[in-house]
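For the sequence shown, numbering that gives the first Met the number 0 assigns the number 0 to the initial residue and increments by one for each residue that follows. C-beta atoms are modelled at their ideal positions from N, C-alpha and C, and glycine is treated no differently. Since we're looking at a predicted model, the values are computed, not measured.
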Amino acid sequence: MGRFLNVGIIQQSCGKNAAENLAYLEDKVDKLMEGHHKPELIVGVECIEAFTPDTIPGRMTEYFAQIAKRHQIYFIPGTIYEIDPALPEGRFYNTAVVFNPKGELIGKYRKMAPWRPAEDAAEPGRDYLVFDIPEKETKVGVQICYDMNFPEISRNETLMGAEVLVKLTMDPQELFKLNQHIHYARALENQAYLVCTNGVGFFGGSQLYGHSQVISPEGNSLWEAEGTDTFCTVTLDLDLVDRCRKYGTIFMDHYLKHLFEYNFPMPYAEDFKKAPLYQRLGTAPENADEYDENVIPIGANTIGKRNIHDLPLEQWQKELDAFLDTRLKK
0 MGRFLNVGII QQSCGKNAAE NLAYLEDKVD KLMEGHHKPE LIVGVECIEA FTPDTIPGRM
60 TEYFAQIAKR HQIYFIPGTI YEIDPALPEG RFYNTAVVFN PKGELIGKYR KMAPWRPAED
120 AAEPGRDYLV FDIPEKETKV GVQICYDMNF PEISRNETLM GAEVLVKLTM DPQELFKLNQ
180 HIHYARALEN QAYLVCTNGV GFFGGSQLYG HSQVISPEGN SLWEAEGTDT FCTVTLDLDL
240 VDRCRKYGTI FMDHYLKHLF EYNFPMPYAE DFKKAPLYQR LGTAPENADE YDENVIPIGA
300 NTIGKRNIHD LPLEQWQKEL DAFLDTRLKK
């Protein structure tokens, strides 16, 4: 008997009001579970909550756990900004949480590569997350947005046994074509499924492009969304991963076996700062002001004044608290 995993994908608009985002997410999970082609793992998008941070575990994870338990699914609802007492005030982790069918929190992944300078309040995580789905004899690696642009993260999760790489993101329109190529490359070079979810609509100063994707270990597109809210279930044939890795992608390219054989030297793996490249390159800008300073020498970004909004954070927090009060009483 083969190994098949049904993955539910929720591509949604994510505004800055977390209560509205969560209500939409819960409704679409309920609808996905009404179909005969029901998902066994459901994945949301990045930043369903970014302006009303919470601890993990906390009330928001209690709410997510309740949904996973009610439907008896594996659940990666999206990412939230995580409060951690070890961080300085005003600093957070951008964190994805994972639940099993019993509603247990079985892992959390803190984004390793916050997208500077936009994510100036996010602290980089340092730990990979590859979790088991024992019923399918498989492992799933979790990433967030800009993480996918660094092949080391996907490769390390693959070496930890991941057959499916899940990327939660909220990418802007400007990156649409660029990221398409990266998605196919990550799936092919790791002989793994790539499940990429992306938000839609406006978020801050960006239009999110959607186009969530599922790509096979052979680099074929199994499904791709358009640029609007949508949800669907896609079936992954996990034995295809095993066949590609054992016998070669399209029975020709043995990427992972050859990686084992060649064992390429990596002289700067322990400390990239020692590489000759960084003797002159310098560091990246961490916030908008540093971004402006960085591009002044080449005459870029010199016209116009950046618009700064006052955000009603207290109101959003009250609405989120009221929403969770209602849901956690069920």
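- Around the beta carbon of R279, fewer than 16 other beta carbons sit within 10 angstroms, so the residue counts as exposed.
- Between the alpha carbons of D324 and M59 lies a gap of roughly 10 Å.
- In the three-state DSSP reduction, D291 falls in the helix class (H, G or I).
- Taking V240 as reference, the option from P216, C231, E260 and T232 with the minimal CA-CA separation is P216.
- As for any alpha helix (DSSP H) of minimum length 4 sitting wholly inside the segment 54–130, the runs are 58–70, ordered along the chain.
- Boundaries around N189 are those of the alpha helix (DSSP H), F175 to N189, since no beta strand (DSSP E) includes it.
- A direct Cα-to-Cα measurement between A274 and Y267 gives close to 6 Å.
- A95 and V42 have their C-alpha atoms roughly 10 Å apart.
- When the five nearest sequence neighbours on each side are left out, the beta carbons in the same chain lying within less than 7 Å of the beta carbon of G102 are those of A64, Q65, A67 and K68, in order along the chain.
- Annotation: P38 to P296 spans about 52 Å, alpha carbon to alpha carbon.
- The Cβ atoms of M169 and V28 do not sit closer than 8 Å to each other.
- As a beta-bridge residue in DSSP terms, P171 pairs with L207.
- In the DSSP assignment, the residues bridged to G140 are V129 and L164.
- Between the alpha carbons of Q172 and G204 lies a distance of about 11 Å.
- Take L4, set aside five residues on each side of it, and the residues of its chain with a beta-carbon closer than 8 Å to its own are E39, L40, I132, K135, T137, V163, T234, L235 and L237, in chain order.
- Exposed is the label assigned to G303, since fewer than 16 other Cβ atoms lie within 10 Å of its Cβ.
- Bridge pairing for C46: absent [DSSP].
- Per the Cβ contact rule, the segment 189–196 is not in contact with the segment 13–27 (fewer than 3 Cβ pairs under 8 Å).
- Shown here, P284 sits in coil according to DSSP, grouped into three states, outside any helix or strand.
- For S153, the secondary structure class from DSSP, reduced to helix, strand or coil, is helix.
- Contact between the segment 205–225 and the segment 253–271 is absent, with fewer than three C-beta pairs closer than 8 Å.
- Counting other Cβ atoms within 10 Å of its Cβ, F322 reaches 16 or more and is therefore classed as buried.
- Going by C-alpha positions, R90 is about 18 Å away from Y145.
- With distances taken between CA atoms, H70 lies nearest to E25 out of P56, Y254 and E25.
- For N300, the secondary structure class from DSSP, reduced to helix, strand or coil, is coil.
- A direct Cα-Cα distance of roughly 20 Å separates I152 from P116.
- Of G226, T229 and V165, the smallest CA-CA separation from I214 is found for V165.
- Taking C-alpha positions only, D320 is separated from N93 by approximately 20 Å.
- Y246 carries a helical assignment under DSSP once its states are collapsed to helix, strand and coil.
- For T234, there is no enclosing alpha helix (DSSP H); the residue is found in the beta strand (DSSP E) stretching over T229 to D236.
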